[in-house]
Every structure is written in C-alpha cells, then in structure tokens.
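Using this note's numbering, you'd call the opening residue of the sequence shown number -10 and step up by one each time.
All residues carry an ideal CB built from backbone N, CA and C; glycine is no exception.
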Amino acid sequence: AGVMDCKRALDEAKGDFEKAKALIKERGLARAKEKSDREAKEGVVEAYVHAGGRIGAMVELSSETDFVARNADFRELAKEIAMQVAAMDPTDVGQLLEQPYIRDASKTIGELVTGVAARTGENVRVKRFKRFELGQSNGEPT
C-alpha cells in the first residue's frame, strides 16, 4: 500500500494500528479480486525436488508482466507452491488452492496467491502443475 493509503487507513481507524492494517489488507485483497479477470501471460516454471530425490514437482505460476515474474516474492511463491504439490499431491488446481499451506495451516494456498497479487498489483494465477514420484507411473507408461 502507498503512504497515503496507509495514512487514510490510520485516520479511518482513529489511530488504531491493528485496525488500519486490517483495512489495508482488506482493500488490497479487493483490488486483487478486481484484477483476477485480467490476462496473465508471463510467469515462471518452478521445480522442487524433495530431499532424497524421490519426489518432485513442477508448477507454472503466471503473472501479467515479466517484471512481476522476476520479482523475488513471486518466485518464492512459485517455489512454495511446488513444495506444497510435492508434499500434498493435490489432484487439480482448485484443490491445491483450497489446501492449507504446509508451513502455516491458518492460510490456504489460494490466500498466498491472493496476497502476492495484492502486493504486486497484478493478476497472479497457478496455471498447472505436475508431481513426480519415483516408481509411480502417474497414469503414464513406465
């Protein structure tokens, strides 16, 4: 949030810092939802291989611009989602977004994605993912 947005929120909250933070977060999430219809053609493919090398995952995370796709916050989100896929083996993107985050069960993966979208001001979307496990065919010939 910009400095003036923070000042307005603090004024509206009558000096209550926690209420002001909640207002800023709420407004950021609302802006992120407004942008969710915009096309996201840029992004990254991130891979995660679990210790021991027996399980891995790849995730395609998209954004509207390559500027955001190169952002450290965006790339960290892609890494965390790839780790989530390796650990929890979701069946599709919808299920992945509803899963509790493995590092903080009070948040869902969808909330993490929305948070990055709010901070970057762009539509951020999990396009697809694939999980691999040694000895598993994943429906493909071995």
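Buried versus exposed, by CB contacts within 10 Å (16 or more), residue i
{"i": "Arg120", "result": "buried"}
{"i": "Ser95", "result": "exposed"}
{"i": "Lys116", "result": "exposed"}
{"i": "Lys3", "result": "exposed"}
{"i": "Asp5", "result": "exposed"}
{"i": "Thr103", "result": "buried"}
{"i": "Ile91", "result": "exposed"}
{"i": "Ala11", "result": "exposed"}
Beta-carbon gap between residue i and residue j smaller than 7 Å
{"i": "Ile70", "j": "Val48", "result": "yes"}
{"i": "Glu111", "j": "Ser52", "result": "yes"}
{"i": "Asp55", "j": "Glu28", "result": "no"}
{"i": "Gln88", "j": "Met72", "result": "no"}
{"i": "Arg43", "j": "Leu123", "result": "yes"}
Residue nearest to residue i in terms of C-alpha spacing, selected from the options
{"i": "Ala61", "options": "Glu7, Thr109 and Phe6", "result": "Thr109"}
{"i": "Glu65", "options": "Tyr37, Gln125 and Gly42", "result": "Tyr37"}
{"i": "Ala75", "options": "His39, Glu1 and Phe6", "result": "His39"}
{"i": "Arg59", "options": "Val33, Ala29, Ile91 and Phe6", "result": "Val33"}
{"i": "Phe118", "options": "Lys68, Asp(-6) and Tyr90", "result": "Lys68"}
{"i": "Leu85", "options": "Glu1, Ala9 and Leu50", "result": "Leu50"}
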